[in-house]
Ligand SMILES: Cc1ncc(COP(=O)(O)O)c(C=O)c1O
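In full-length UniProt numbering, the protein residues as written are 1 to 500.
If you want it as structure tokens, here you go:
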């Protein structure tokens, strides 16, 4: 194929047809254009034409992943078990259900989750939610002393992480201004934080720092940090290292055990597709999860246990004595010993459905596909920039995500020129293209390697091109009565072909 062909719908279709993982898209429920447009759950807008029945262009897995086809069935099994067995659902196997007795629903999800984050099974627990897990981990691992009391984080951390860290600082009677080291981008007009810059900030505060907590992938820019290098460097200075993996899990391959990470936490509703607010995950390195049993000192006495300090609950206590109601906490070795409450079975049913879908492939294959899909998006956007510079004598947007493939996951963040965000997002919504915005001027576009296609990427750029054009010229495609996603040969296609 010639270079030019890359920028055609036929090329996108051809790539999809020859991609061995394309079939995974069928394992997901993709909102149709008419269901997105409808205000009612039960009556989609009657299709004005054939295209309204088509799937939407959904590139928003960085915010909320799509529903796996298995989820509805697994949820139904959970509801049926609850309806027909009541409390027996906790203990008894039920034929015809993919779910294990509820007593084990969380641990049943661990083996597959451990593969996704590169951990030993004993190092992973399905528990709580992301912010709650960050709190639990900090309660256990942030032990400020007179010499070491600081936490290093990024200046533009996701607000929940910032609040959580600040609250721990205050909880220990410390002052945030003197205790939180904020890492900002290297240069004033850049959004990127280089590894060297992070390492030098660590060096500056090394002797006074107790904890470093960073995101694996930055939510706003999509930058993927060099987790092993940063972890090793901070640990050499005696600093505990934790990672927020909200945007990294299910997006890039992780090797938390081999990278010697101290702890990590993540949500499951982005690239893991478990549904909004679903139960999260936590990693605790095996060296912190050990439980040493000491025999009773007196005859008929009780054994005692040594373990890493934590905030405890009954679900973290040994399964064999969990229902003995002894009031003696006997932690399960590993991350499971950090659990608090019995998990929501509705949530874990969704996690199970997601992981059963994930295990049709693996993170290595997904990453390879992801690198290509996102590169395709980048190439088309670069073409669009060239065209916009020529036609409008200005750039409508710039890509703020690193160009280096090793420093990004699926997401590209586009910084729009001031004033363009609202009209562009309006046009995209009218065209049933789903991406998300981060004010004041960024839209985030994420081809999720499990279900997005080259055609999705192509159609997004085509719609985005028209959206920018309309925003710059003050036109609205919808008011014009023109479809915003152009059929081949329409306004967009003609304009698009000018680019070639
Ligand atoms: C990077 C990051 N950290 C923390 C959170 C908060 O997650 P939760 O509401 O599940 O605690 C989010 C949510 O999107 C996030 O993106």
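All C-beta atoms, glycine included, are put in the ideal place defined by N, C-alpha and C.
Note that the coordinates shown come from a computational prediction; the quantities given were computed from them, not determined experimentally.
State the Cα-Cα distance for the pair residue 170 and residue 83, rounded to the nearest angstrom. Here residue 170 corresponds to residue number 170 of the chain shown, with the count starting at 1. Here residue 83 corresponds to residue number 83 of the chain shown, with the count starting at 1. If you take the alpha carbons of residue 170 and residue 83, they lie about 46 Å apart.
Under a three-way DSSP split, which group does residue 302 fall into? To locate residue 302, count along the chain shown from 1; it is residue 302. Three-state DSSP puts residue 302 in coil, outside helix and strand.
Span separating the alpha-carbon of residue 172 from that of residue 288: What you label residue 172 is simply residue 172 of the chain shown in a count that begins at 1. What you label residue 288 is simply residue 288 of the chain shown in a count that begins at 1. Their backbone Cα atoms lie some 22 Å apart in a straight line.
Is it the case that the CB of residue 270 approaches a heavy atom of ligand 1 more closely than 8 Å? Position 270 of the chain shown holds residue 270. Flag set: Cβ of residue 270 near ligand 1.
Measuring from the CB of residue 132, is there a heavy atom of ligand 1 at a distance below 8 Å? Your numbering for residue 132 matches position 132 in the chain shown. Under cutoff, so the answer is yes.
Rounded straight-line distance, which links the Cα of residue 318 to that of residue 332: Within the chain shown, residue 332 is the residue found at index 332, counting from 1. Within the chain shown, residue 318 is the residue found at index 318, counting from 1. About 5 Å.
With DSSP collapsed to three states, give me the class of residue 322. For the purposes of this step, residue 322 is identified with residue 322 of the chain shown, where counting begins at 1. The answer is coil: DSSP assigns residue 322 none of H, G, I, E or B.
Is the beta carbon of residue 343 within less than 8 Å of some heavy atom of ligand 1? Sequence index remark: in the chain shown, residue 343 carries index 343 (1-based). Not under cutoff, so the answer is no.
Between the region 422 to 429 and the region 455 to 467, do at least 3 Cβ pairs fall closer than 8 Å? yes
Quick check: does the Cβ of residue 246 come within less than 8 Å of any heavy atom belonging to ligand 1? Here residue 246 is taken as the residue at index 246 of the chain shown, counted from 1. Indeed, a heavy atom of ligand 1 lies less than 8 Å from the Cβ.
I need the DSSP call for residue 398, collapsed to helix, strand or coil. Reading the chain shown from its first residue, position 398 is the one you call residue 398. In the structure shown, residue 398 sits in a strand (DSSP, three-state: E or B).
Do three or more CB pairs link the region 267 to 278 to the region 178 to 193 at distances below 8 Å? no
How about residue 324 and residue 66: are their beta carbons less than 9 Å apart? Taking the chain shown and counting its residues from 1, the one referred to as residue 324 is at position 324. Taking the chain shown and counting its residues from 1, the one referred to as residue 66 is at position 66. Taking 9 Å as the Cβ cut-off, residue 324 and residue 66 do not qualify as a contacting pair.
In angstroms, rounded to a whole number, what distance separates the CA positions of residue 303 and residue 90? Taking the first residue of the chain shown as position 1, residue 303 is located at position 303. Taking the first residue of the chain shown as position 1, residue 90 is located at position 90. Straight-line Cα distance between these residues: approximately 29 Å.
Kindly give me the distance between the Cβ atoms of residue 202 and residue 214, rounded to whole angstroms, as I take these residues to be in contact under 8 Å. On the chain shown, position 202 is the one that residue 202 refers to. On the chain shown, position 214 is the one that residue 214 refers to. Incorrect: roughly 10 Å between the Cβ atoms, too far for contact.
Of the residues 134, 250, 102, which one's Cα is nearest the Cα of residue 410? Locating residue 410 in the chain shown gives position 410, counting from the first residue. Residue 410 has its Cα closest to that of 250, out of 134, 250, 102.
Going along the chain, which residues of its own chain have a beta-carbon closer than 8 Å to the beta-carbon of residue 154, five neighbours each way excluded? For the purposes of this step, residue 154 is taken as residue 154 along the chain shown, with counting starting at 1. Excluding sequence neighbours, residue 154 sits near 182, 183, 184, 193, 214, 215, 218.
Taking only runs of the alpha helix (DSSP H) that begin and end inside the region 205 to 284, which ones reach a length of at least 4 residues, in chain order? 227 to 236
Going by alpha carbons, who is nearest to residue 146 out of 152, 86, 207, 116? Position 146 of the chain shown, counted from the start, is the residue given in the question as residue 146. Here the closest residue by C-alpha is 207.
Nearest to residue 106 by CA position, among 453, 163, 352, is which residue? Locating residue 106 in the chain shown gives position 106, counting from the first residue. Comparing Cα-Cα distances from residue 106 to each of 453, 163, 352, the minimum goes to 352.
Ranges of the alpha helix (DSSP H) found wholly within the region 2 to 84, counting only runs of at least 4: 9 to 17, 33 to 37
Let me confirm a value: residue 479 is counted as buried when at least 16 other C-beta atoms fall within 10 Å, else exposed. Which label applies? Within the chain shown, residue 479 is the residue found at index 479, counting from 1. Any reading at residue 479 must be qualified, since the residue scores a pLDDT of 35, below 50, and its modelled position is unreliable; the value itself is stated next. Classification for residue 479: exposed.
Report the start-end ranges of each beta strand (DSSP E) in the region 81 to 143 that is 3 residues or longer and not cut off at the edges. 124 to 126
Residue 160: CB within 8 Å of a non-hydrogen atom of ligand 1: The residue you call residue 160 lines up with position 160 of the chain shown. Result yes, Cβ under 8 Å from ligand 1.
Which residues in the same chain have their Cβ closer than 7 Å to the Cβ of residue 92, if we skip the five residues on either side of it in sequence? As a first step, residue 92 must be located in the chain shown, where it is residue number 92. These residues qualify, in order along the chain: 85, 101.
Euclidean distance between Cα positions of residue 274 and residue 314: Here the question's residue 274 lines up with position 274 in the chain shown. Here the question's residue 314 lines up with position 314 in the chain shown. C-alpha separation (whole angstroms): 25 Å.
Would you tell me roughly how many angstroms separate the C-alpha atoms of residue 37 and residue 435, rounded to the nearest one? On the chain shown, residue 37 is found 37 positions in, with the first residue counted as 1. On the chain shown, residue 435 is found 435 positions in, with the first residue counted as 1. Cα to Cα, residue 37 sits roughly 15 Å from residue 435.
Taking 8 Å as the cut-off, is the beta-carbon of residue 111 closer than that to any non-hydrogen atom of ligand 1? For the purposes of this step, residue 111 is taken as the residue at position 111 of the chain shown. Checking every heavy atom of ligand 1 against the Cβ of residue 111, none is found closer than 8 Å.
Tell me the rounded alpha-carbon separation between residue 406 and residue 224. As a first step, residue 406 is located in the chain shown; it is residue number 406 there, counting from the start. As a first step, residue 224 is located in the chain shown; it is residue number 224 there, counting from the start. Approximately 7 Å, taken between the alpha carbons.
The beta strand (DSSP E) with residue 160 in it runs from where to where? Translated into positions along the chain shown, residue 160 becomes position 160. Premise fails: residue 160 lies in the alpha helix (DSSP H), 159 to 171, not in any beta strand (DSSP E).
Beta carbon of residue 282 nearer than 9 Å to that of residue 263: Along the chain shown, one-based indexing puts residue 282 at 282. Along the chain shown, one-based indexing puts residue 263 at 263. The answer is yes: Cβ separation under 9 Å.
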